[in-house]
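Chemist: Let me begin by handing over the structure; questions about it come next.
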């Protein structure tokens, strides 16, 4: 009986583990186990056939092993802090004071007299203020207003005029003066029965095999000189590696692309250059050195393989922290930025290229009120031109001298754009389409001798020239597709040296003509452009001769020319 009883107990204990739930092995936290009180199960009566009578079997209840219930310990993960933001305070910034101070700082940083500056001026187009200078101006304003909120640079870059910048900063002062303190943070807690698993980011370094220079690239310099000679027409023996491609040779970006394209054809295996890096190189020698560096090899670059992200072992749990590593390489800052001051370069007399206006077209000259208009019109008539002279209202240019026979004069009644457009259409209808435009800028006497002035009348005339360019765009570009030469020429009277003669007895407004002419030179590549600076001491006959000579110059790579006691000059940028 005792043996059967032991056997009964052992069988019951062997069957019990089938009802036990195994706890997850990965949970390292100590489980909290709740034992359920044992409950009585039905009595199992084994049916045993024995030869001899046996005493009655004592009924014993099976022990029941309760399944341990593991309740994961709560992990408290804070939500994003909820910041208490107080009501925006009323700005103490005064719009008028802010505008006046911004004008003062702009004057200080740029050198423009404050009386010349206006709120509706375009900072880049009207004042030539680039992004670096703009940062300097805003830095000066930040020093003046320490409590001024830091502006968003992307939003600020969209503001064109000084007035728009003032309005934007005023809006920042009223709407963005918010303060958030640590005492006002409210943090909510949430119980999340999840585990945080960390990941390790494997960064591999991709090794780019270095290219070994070979003999086929040894003559890169001479090949580039030969191609430059072929594309520009300059004799190869005249070219040197230290020549500035734009200032010395007049090679623009389009011609540069043609030259590099020919280099790529000559060296098919030459690595493709970076256009932005190449645009910073000025001389032929610098480009040769850059191309040789591409042939010589490239640096190793870090490479991140997203397929190599593996989980950390063991996983992260509450209370553990991870270190975030910034894999972004630091920006490369070139502290050796070259400085290239602008200097004068003497030019030889221009070649005379026999070129007439397109068939049936006329030349339009603006009247500067001097004898130069008469002399120039006479010289162009002798070359077979049909000339029309456009005079400004006498409130701006009082003098209107007699014109040669056969020359028609048209006069602007006012300076509105609509009236100008109607007048140009009338000239085209009565006299023919315009194939050449020559603006003779009037001379304005400074209010104080030896000081640069900014007359309002000159500002109005300069604006009118910009509008003339706008409405002559289609006419001149259509004429440029015909045989002959289509021209756009502006003539100013600074000092014949682009203001570098340090005489200071001229108005700076006329200098805007050079920016207009050189900009259009890139936008209308089929039209011949020339900006001329004539010394005011030149007599009308000399002035007319120089203008005619520039109109027939065969070199289209030069954009601006000056005439003074130093002769014929242009501007170049030279390294110090």
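Numbering (the numbering used here), first residue to last: 18 to 593. Glycine included, C-beta positions come from ideal geometry on N, C-alpha and C.
(1) Of all the options 547, 166, 276, 135, which has the alpha carbon lying nearest to the alpha carbon of residue 250?
(2) Tell me where the beta strand (DSSP E) around residue 406 begins and ends.
(3) Between the alpha carbons of residue 237 and residue 309, how many angstroms are there, rounded?
(4) To the nearest angstrom, how far is the alpha carbon of residue 470 from that of residue 286?
(5) For a test of the three-state rule: what should DSSP assign to residue 284, helix, strand or coil?
(6) In the DSSP assignment, find the alpha helix (DSSP H) that holds residue 244 and state where it starts and stops.
(7) List in chain order: all unbroken beta strand (DSSP E) runs of 3+ residues lying wholly within the stretch 472-509.
(8) Distance, Cα to Cα, residue 105 vs residue 149?
(9) Please return the same chain residues whose Cβ sits closer than 7 Å to the Cβ of residue 401, not counting the five positions on each side in sequence.
(10) DSSP state of residue 545, grouped into three classes?
(11) Where does the unbroken alpha helix (DSSP H) through residue 590 begin, and where does it stop?
(12) When the Cβ atoms of the stretch 435-446 are set against those of the stretch 364-371, are three or more pairs found closer than 8 Å?
(13) By Cβ distance, which residues of its chain are closer than 6 Å to residue 580, with the 5 residues on each side in sequence left out?
(14) Assuming residue 571 and residue 370 make a contact with CB atoms under 8 Å, what is their CB distance in whole Å?
(15) How many Å lie between residue 481 and residue 399 at the Cα?
(16) Using the Cα positions of residue 477 and residue 591, report the straight-line distance between them to the nearest angstrom.
(17) Could you tell me how far apart the beta carbons of residue 516 and residue 528 are, in whole angstroms, since I believe they sit closer than 8 Å?
(18) Where does residue 137 sit, in a helix, a strand or coil, going by DSSP?
(19) Determine the contact status of residue 122 and residue 146, defining contact as a CB-CB distance below 7 Å.
(20) If you reduce the DSSP assignment to three classes, tell me which class residue 153 lands in.
(21) Thinking C-beta only, is residue 493 closer than 7 Å to residue 414?
(22) Which complete alpha helix (DSSP H) runs does the stretch 377-446 hold, if anything under 4 residues is left out?
(23) With which residues is residue 511 paired in a DSSP beta bridge?
(24) Among 433, 508, 141, which one has its Cα closest to the Cα of residue 555?
(25) Return the chain-ordered list of same chain residues with a C-beta closer than 6 Å to the C-beta of residue 613, the five sequence neighbours on each side being excluded.
(26) DSSP on residue 535, reduced to helix/strand/coil?
(27) Going by CA-CA distance only, name the one from 271, 240, 257 that's closest to residue 280.
(28) According to the neighbour-count rule (16 or more other Cβ atoms, all chains shown, within 10 Å of its Cβ), is residue 271 buried or exposed?
(29) Identify the residues that DSSP records as bridge partners of residue 261: which are they?
(30) So what's residue 551 in DSSP terms, helix, strand or just coil?
(31) Taking 7 Å as the cut-off, decide whether the C-beta atoms of residue 565 and residue 422 are in contact.
(32) By DSSP, does residue 148 sit in helix, in strand, or in coil?
(33) Grab the span of the beta strand (DSSP E) containing residue 581 for me, first residue to last.
(34) Please say whether residue 380 and residue 406 have beta carbons closer to each other than 7 Å?
(35) Distance check for residue 455 and residue 417, CA to CA, integer angstroms please.
(36) Can you give me the start and stop residues for the alpha helix (DSSP H) that residue 565 sits inside?
Modeler: On the basis of the data shown:
(1) 276
(2) 404-408
(3) 8 Å
(4) 58 Å
(5) coil
(6) 237-249
(7) 504-509
(8) Low confidence applies here, because residue 105 scores a pLDDT of 44, under 50, leaving its location unreliable and the question unanswered by this model.
(9) 373
(10) strand
(11) Run containing residue 590: none in the alpha helix (DSSP H); it sits in the beta strand (DSSP E), 584-590.
(12) no
(13) 513, 551, 563
(14) 4 Å
(15) 29 Å
(16) 35 Å
(17) 7 Å
(18) coil
(19) no
(20) helix
(21) no
(22) 388-399
(23) Looking at the DSSP assignment, residue 511 forms no beta bridge with any residue, so it has no partner.
(24) 508
(25) With the chain covering only 18 through 593, there is no way to say anything about residue 613.
(26) helix
(27) 240
(28) exposed
(29) 300
(30) strand
(31) no
(32) helix
(33) 577-581
(34) no
(35) 17 Å
(36) 557-568
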